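Quick note: the sequence shown uses numbering that gives the first Met the number 0, first residue 0, plus one each step.
Down below is the structure, laid out as structure tokens.
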Amino acid sequence: MFDYRLERTEGAARAGVFTTPHGDVATPAFMPVGTQGTVKGVAPDELDRMGATMVLSNTYHLYLRPGHELVAELGGLHAFMRWPGPLLTDSGGFQVFSLAASNEVREDGVVFQSHIDGSRHVFTPESVMEIERSLGADVVMAFDQCPSGGCSESEARTATERTLRWLERCRRRFHELADERAVPEQTLFPVLQGNVYDGLRREQARGFADMGEWDGWAIGGLSVGEEKPAMWRTLELLDGEIPKGRPRYLMGVGYPDDLLEAVARGCDLFDCVAPTRNARHGTAWTAAGQVNVKAARFRSDRLPLDPGCDCPACVGYDRAYIRHLFVANEMLGLRLVSLHNLRFLLRLAEQARAHILDGSFRAWSADWLERYRGTRV
Ligand SMILES: [Zn+2]
Numbered sequence: 000m001f002d003y004r005l006e007r008t009e010g011a012a013r014a015g016v017f018t019t020p021h022g023d024v025a026t027p028a029f030m031p032v033g034t035q036g037t038v039k040g041v042a043p044d045e046l047d048r049m050g051a052t053m054v055l056s057n058t059y060h061l062y063l064r065p066g067h068e069l070v071a072e073l074g075g076l077h078a079f080m081r082w083p084g085p086l087l088t089d090s091g092g093f094q095v096f097s098l099a100a101s102n103e104v105r106e107d108g109v110v111f112q113s114h115i116d117g118s119r120h121v122f123t124p125e126s127v128m129e130i131e132r133s134l135g136a137d138v139v140m141a142f143d144q145c146p147s148g149g150c151s152e153s154e155a156r157t158a159t160e161r162t163l164r165w166l167e168r169c170r171r172r173f174h175e176l177a178d179e180r181a182v183p184e185q186t187l188f189p190v191l192q193g194n195v196y197d198g199l200r201r202e203q204a205r206g207f208a209d210m211g212e213w214d215g216w217a218i219g220g221l222s223v224g225e226e227k228p229a230m231w232r233t234l235e236l237l238d239g240e241i242p243k244g245r246p247r248y249l250m251g252v253g254y255p256d257d258l259l260e261a262v263a264r265g266c267d268l269f270d271c272v273a274p275t276r277n278a279r280h281g282t283a284w285t286a287a288g289q290v291n292v293k294a295a296r297f298r299s300d301r302l303p304l305d306p307g308c309d310c311p312a313c314v315g316y317d318r319a320y321i322r323h324l325f326v327a328n329e330m331l332g333l334r335l336v337s338l339h340n341l342r343f344l345l346r347l348a349e350q351a352r353a354h355i356l357d358g359s360f361r362a363w364s365a366d367w368l369e370r371y372r373g374t375r376v
């Protein structure tokens, strides 16, 4: 049911097709994030029209509200959020460490307090598999321990060793659940930790490989505050450690330039809340860099946000109007810039794929990055 076909490579960059029970995902691909079962302000049919193939949702949030059992009762996450395509759920690991009001890591799991009402909860590798099985996404993430960026090597080691032990427990429970009851066709991705410590990254990758075959691999613990060169070096190291014939999902990336840098280093799938979060603050991405749509210089500007963009905001409206919507606090403004930023990243991944397929990725991305980083509109 799950398959990855590598179509062409250029250097470490890869173009492929990831097959899931709910459809194919042409890679490299950006996955919009629907934290609470919705990509903020954007309807599923709009995502589909903008070229999104796979959407991510958050286990931590859906567990707390409305509850995974209710989602299961209502037909599972695909039916609940009306997204018929491939879905991925994260494990909630990142949120219990970064968002919960408090958390205590123990060997059996993490005790945490809800950021919504302070109530006390426990996530274990087993309970997270039960929650993700109930939600029913195509791809589910293993419960891992994600230490903060900049942690010491010994803290990172504790987390990678625990992540390996938890992965064994996730895997066992994931398969048991399929034996116990009818569950949708799903696959479990392990999440590599190890921050920017080469030895730990290598050990973690080998530990996962020793456990058996995986339909895909996730790279966690990056984009958490480390220096960019350290992140790129880690990806280069992992490119040599992870099997080539499986999709690699780089969690939490990213911004347009980071996405291209990671594609060049062998990553296939990406997610980030940045497109919609930035949009809500009035930040739009353009081929010539990031702009603030509220800037006074756009007051009577008749150009689209990004003249090269084919999104509904750029096709239908000009900067002067979008600036006005933001200044007047109109919700259409937030929606239009969200649509634009999402399409910008989806299209960037599509362009990267097309250039890998025709062998021009390296030259194209160097030129693209230069323009994006070099000038301001
Ligand atoms: Zn646009």
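Glycine residues also receive a C-beta, built at the ideal position from the N, C-alpha and C atoms.
Treat the numbers as computed from the prediction; the structure is a model and nothing was measured.
Residue i (DSSP reduced to helix, strand or coil)
i    : result
R375 : Any reading at R375 must be qualified, since the residue scores a pLDDT of 43, below 50, and its modelled position is unreliable; no value is offered.
D270 : strand
R247 : strand
E154 : helix
Y196 : coil
Y320 : helix
A42  : coil
S113 : coil
E9   : strand
R119 : strand
A362 : helix
R370 : helix
G253 : coil
G206 : helix
A261 : helix
V223 : coil
T275 : helix
E175 : helix
R168 : helix
A295 : helix
V326 : helix
R180 : coil
R201 : helix
Limits of the alpha helix (DSSP H) - the one that residue i falls within
i    : result
L134 : P124 to L134
M80  : L76 to M80
F96  : G92 to S97
Q350 : M330 to L356
W378 : Outside the displayed range of the chain (0 to 376) lies residue 378, so it cannot be described from this structure.
G315 : P311 to G315
E72  : H67 to E72
T58  : T58 to L63
Beta-bridge pairing of residue i - partner residues as DSSP gives them
i    : result
G149 : None, per the DSSP bridge assignment.
F17  : Y3 and V24
G288 : T285
E103 : V110
G50  : DSSP lists no partner for G50.
F188 : M140
T162 : BP columns for T162 are empty, so no partner.
K32  : Residue identity differs from the one stated: residue 32 is Val in this sequence, not Lys. DSSP output for V32 lists L55 as bridge partner(s).
First and last residue of the uninterrupted beta strand (DSSP E) at residue i
i    : result
I218 : W216 to I218
L86  : L86 to T88
Residue j beta carbon less than 8 Å from that of residue i
i    : j    : result
Y3   : P189 : no
V121 : T186 : no
D238 : G211 : no
Q192 : T233 : no
S151 : G224 : no
D145 : G198 : In the sequence under discussion, the amino acid at residue 145 is Cys, which differs from the Asp named in the question. Not in contact: C145 and G198 (Cβ atoms no closer than 8 Å).
A378 : S364 : Outside the shown range of the chain, which is 0 to 376, sits residue 378, and nothing can be said about it.
R322 : F297 : yes
L166 : A141 : yes
L341 : P274 : yes
S337 : G40  : yes
A348 : F29  : yes
L46  : P31  : yes
T34  : M80  : no
R168 : P124 : yes
L378 : R318 : Nothing can be reported for residue 378: it is not among the residues displayed for the chain, which extend from 0 to 376.
G281 : N291 : yes
P85  : T58  : no
A263 : G10  : yes
Any non-hydrogen atom of ligand 2 within 7 Å of residue i CB
i    : result
G373 : Inclusion of ligand 2 in the displayed structure is not the case, the ligand content consisting of ligand 1 alone.
Pocket of ligand 1 (residues with CB nearer than 6 Å to any heavy atom), chain order:
Going by the Cβ distance cut-off, the answer is L304, D305, C308, C310, A312, C313, H339 and R342.
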